[in-house]
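Going left to right, the sequence shown walks through residues 1 to 349 as the UniProt record's numbering numbers them.
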Amino acid sequence: MAPTADGEIPVVGPREPCPCGSGRRYKACHGERHRPAPVLRPFLGRRDEADLVALRELVPSATAPLTLSAEHLAAHPEHADRRITLGTMLPQAAPALVREDGEILVAMQTTVPGLDAARDIAGALLTALDAEPGSVIDAPAASSPRLVEQLPGGLADLPGLVDLLDPAPLEITVHPGFGWWLPSSDGETGPNQEVAAMLERANATVVPTARLSSVPAAYWCHPGDRWHLRWALPLAAPGAGAGDADAGKAADAGDVAGSEEKLLDALARLAAAERLTVGAGSRFVGFFRADGLVVPVWDLAADTEPQQVEEPVAALGTAYREALADTTSLDPAQRRVRAGLVGRSLTLR
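As structure tokens, this is what we get:
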């Protein structure tokens, strides 16, 4: 059997020779199952994309109230009075749960993510909206490869977080532990012994963390005997330019790099001028990539408190905007610095 006139390869048995003429068995050639690729930037399209990346990758314990979009509420008015909270992680890494009073908790961090974190969160939220009070949502990730392969349109057939939620940036609260797991009614009597032990174990894993107010998506943290600043920087949507009204949907378009290349150029200009600093005793140590964004990391001087970093970070934010606006080519010294920056990078997802 040969390819059809329009070039299509006929389907044959998995152990038969592939009709394309390669000499290989069909299952190892055109019959090979091609899995869809993970989404590089799952939160693209949200104005708070950088903060969402931070909640998924950097922050141990935080919450934010969620508001459903006007479009969703128009189609589902029965959801108008539901109270929904986004949290970093839930007990037993559940994707979502419904309290006895109907409040929904949805998690950013789960043990087995799918191909698109945003669609996983949207799927867990939609399931929770239809679940009974007291339910724990333990279904597989909505965008798990096995499920996506069964959809005619693949990932495009799944609801997205951008369409499900109101577009306003989230109001994030960082917590010192996971006390928010407990319903407020438990505050009077306290949790039982088993729940208290679980909460104690979870709290022991929390690295002290604080969100800065001077710039978006910058987080101070204190792991062990170290102090760090991690700052998730916004990027324009592919095909959009820096300063584009919709570039990355960031709150301030001047902060949005047109591409990762331009972002790294700006960091190199600052580093070459010895301006890539967040205060006395700080040291830029490199950056990692997370969910398609660049997250620079600094070591801070011992005993540095979050409020002590606010002013230096605000000053660096101004310098960073100026560096992004510089469209001249890097000079040889800046190119060497840039190469050094790239050499100190790590990709998480």
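Beta carbons are placed, not taken as given, at the ideal position from N, Cα and C, and that holds for glycine.
VAL174 counts as buried, since no fewer than 16 other beta carbons sit within 10 angstroms of its beta carbon. For LEU324, the secondary structure class from DSSP, reduced to helix, strand or coil, is helix.
In terms of CA proximity to ARG99, GLY134 leads the group GLY134, ASP326, LEU73 and ALA236. Listed in chain order, the beta strand (DSSP E) elements of length 3 or more contained wholly in the region 200 to 249 are 209 to 211, 218 to 221 and 228 to 231. Selection ALA50, GLY123 and GLY21 evaluated against LEU293 yields ALA50 as nearest (Cα-Cα). DSSP, read as helix, strand or coil, puts ARG338 in helix. DSSP, read as helix, strand or coil, puts VAL136 in strand. Taking the C-beta atoms as reference points, LEU155 is found no nearer than 8 Å to VAL53.
For the pair GLU274 and ALA80, the Cα-to-Cα distance works out to about 52 Å. The criterion of a C-beta distance shorter than 8 Å is not satisfied by LEU164 and LEU300. Contact between the region 148 to 162 and the region 115 to 127 is present: three or more C-beta pairs spanning the two stretches fall below 8 Å. Here DSSP, grouped into helix, strand and coil, assigns LEU346 to strand.
Per DSSP, ARG99 lies in no beta strand (DSSP E) and is assigned neither H nor E. Within the DSSP bridge table, the entry for VAL294 names LEU233 and ARG289 as partners. Between VAL215 and the set LEU341, PRO306, ASP130 and ASP101, the nearest pair of CA atoms involves PRO306.
By the C-beta criterion, the region 224 to 243 is judged to be in contact with the region 282 to 296, since at least 3 inter-stretch pairs fall below 8 Å. Distances from the alpha-carbon of LEU125 to those of GLU310, GLN150 and ARG83 put ARG83 closest. Residue nearest to LEU324 within the set PHE287, LEU235 and PRO14 is LEU235 (criterion: CA-CA distance).
Counting along the chain, LEU164 sits inside no beta strand (DSSP E); it lies in the alpha helix (DSSP H) bounded by residues 161 to 164. When the Cα atoms are used, PRO113 and GLU261 turn out to be separated by approximately 28 Å.
DSSP lists THR63 and ALA107 as the beta-bridge partner residues of GLY87. Note that the C-beta distance between ALA257 and ILE172 is not below 8 Å. Per DSSP, the beta-bridge partners of ARG25 are PRO17. Rounded to the nearest angstrom, the gap between the Cα atoms of ARG338 and GLY13 is 53 Å. With fewer than 16 neighbouring CB atoms inside 10 Å of its own CB, VAL11 falls in the exposed class. Residue environment: ARG146 is assigned as exposed (fewer than 16 neighbouring CB atoms within 10 Å of its CB, all protein chains considered). DSSP places VAL256 outside both helix and strand once states are collapsed to three, so it counts as coil. Out of ARG25, PRO77, THR110 and ARG344, the CA that lies nearest to the CA of SER143 is found in THR110. Cβ contact annotation for GLY281 (same chain, cutoff 6 Å, sequence separation greater than five): ALA301, in chain order. Annotated as proximal: THR88 and MET108, with beta-carbon spacing under 8 Å. Here ARG283 carries a strand assignment [DSSP, helix/strand/coil].
Nearest C-alpha to LEU348 among ARG289, LEU115, ILE137 and LEU212: ARG289. ILE121: member of the alpha helix (DSSP H) spanning 117 to 129, first to last residue. Selection ALA131, GLN92, LEU58 and LEU270 evaluated against ILE104 yields ALA131 as nearest (Cα-Cα). Approximately 6 Å separates the beta-carbon atoms of VAL207 and PRO60; this is inside 8 Å, confirming the contact. Of all alpha-carbon atoms in ASP326, TYR219 and ASP303, the one lying nearest the alpha-carbon of LEU263 is that of ASP326.
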